[in-house]
Amino acid sequence: MPNPPEGRITIGTRATAADLIRAGETAVGPSEQFRDEILRRLDASRRQGLDRPQALRALFPRTVLPTTTYDDLVTALVAGSHLLFFGPSGAGKTNLAKELWSIFPKEVWAVDGCPVLDHPLSVATDAGAARFPPCPICQRRFAPDGNFAQFAPSRVDPTKVPAIRVRLGEGFGFARLQGSSEVFPDYLTGNVNLRKL
């Protein structure tokens, strides 16, 4: 078994896609787990008697922001939007990013040996592949005779898809970038083709 790439720590639980199917797992990505964790924490805060502004502040205890900013932030996160924080030095951007990372799910199922951490069910089930198309490496690996064009999840034997529980590091689903006067939002979001400049 090859060692996991640097930046990822193997937690060690090993299974197959068939084991995950029997356990009732579904192909869920980190962003959905992130949204679910935010909603779970908000619900727990409300059950403790906190009103909405207090529940929103409880998500980020080390960051002080206007209530409307908390509301906008959580709305964007639950909707699955990408975030870009602007502000002067000392405004709390780094602390907020660290608090978001503390909420972000760090343990996921992945195909053992997949460089992009495909979910095992995206390789072994049609429903998983429809939500999270497997990478070309996994398609070739699990296709009959390694023929990329013949890959179909319904033709993959789930008992032959090795799954491993991995711990995500920063940069796998969540990245914090240091800004400068030369970095613009359009460069980060892909709205500007740098080759044409």
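Counting in UniProt numbering, the sequence shown runs from 1 upward without gaps. We put the CB at the ideal spot given by N, CA and C, even for glycine.
Run of the alpha helix (DSSP H) containing residue i, from where it starts to where it stops
| i | result |
| --- | --- |
| residue 165 | Here residue 165 belongs to no alpha helix (DSSP H); instead the beta strand (DSSP E) covers 162–167. |
| residue 57 | 52–59 |
| residue 140 | 136–142 |
| residue 34 | 30–47 |
| residue 128 | 126–131 |
| residue 89 | Premise fails: residue 89 is in no alpha helix (DSSP H) and is neither H nor E. |
| residue 116 | Element bounds for residue 116: n/a, residue is neither H nor E. |
| residue 73 | 67–79 |
Where the beta strand (DSSP E) through residue i begins and ends
| i | result |
| --- | --- |
| residue 107 | 107–111 |
Counterpart residues of residue i in DSSP-defined beta bridges
| i | result |
| --- | --- |
| residue 14 | 164 |
Burial state of residue i, where buried means 16 or more other Cβ atoms lie within 10 Å
| i | result |
| --- | --- |
| residue 84 | exposed |
| residue 22 | exposed |
| residue 163 | buried |
| residue 123 | buried |
| residue 7 | Only weak support is given to the placement of residue 7: the predicted model assigns it a pLDDT of 41, under 50, and the value that follows is read from those uncertain coordinates. Residue 7 should be labelled exposed. |
| residue 142 | buried |
| residue 139 | buried |
| residue 26 | exposed |
| residue 64 | exposed |
| residue 198 | Residue numbering for the chain in the displayed model covers 1 to 197; residue 198 lies beyond these limits and cannot be assessed. |
| residue 134 | buried |
| residue 82 | exposed |
| residue 86 | exposed |
| residue 115 | exposed |
| residue 120 | buried |
| residue 196 | Note that residue 196 scores a pLDDT of 48, beneath 50, so its modelled location is shaky; the value from the coordinates is reported in the next line. So residue 196 ends up on the exposed side. |
Span separating the alpha-carbon of residue i from that of residue j
| i | j | result |
| --- | --- | --- |
| residue 19 | residue 159 | 8 angstroms |
| residue 113 | residue 72 | 38 angstroms |
| residue 117 | residue 111 | 6 angstroms |
| residue 49 | residue 80 | 27 angstroms |
| residue 99 | residue 37 | 13 angstroms |
| residue 126 | residue 91 | 46 angstroms |
| residue 93 | residue 55 | 20 angstroms |
| residue 152 | residue 15 | 21 angstroms |
| residue 95 | residue 53 | 19 angstroms |
| residue 44 | residue 148 | 46 angstroms |
| residue 234 | residue 67 | Since the displayed the chain opens at 1 and closes at 197, residue 234 lies outside it and no answer follows. |
| residue 106 | residue 165 | 10 angstroms |
| residue 76 | residue 70 | 10 angstroms |
| residue 39 | residue 58 | 12 angstroms |
| residue 60 | residue 155 | 46 angstroms |
| residue 9 | residue 157 | For residue 9, the predicted structure reports a pLDDT of 38, less than 50, and the residue's modelled location is therefore unreliable. A value from the coordinates is still provided. Each residue's alpha carbon lies about 27 angstroms from the other. |
| residue 144 | residue 150 | 7 angstroms |
CB contact below 7 angstroms: residue i versus chain B
| i | result |
| --- | --- |
| residue 20 | Among the protein chains of the structure shown there is no chain B, as only one such chain exists. |
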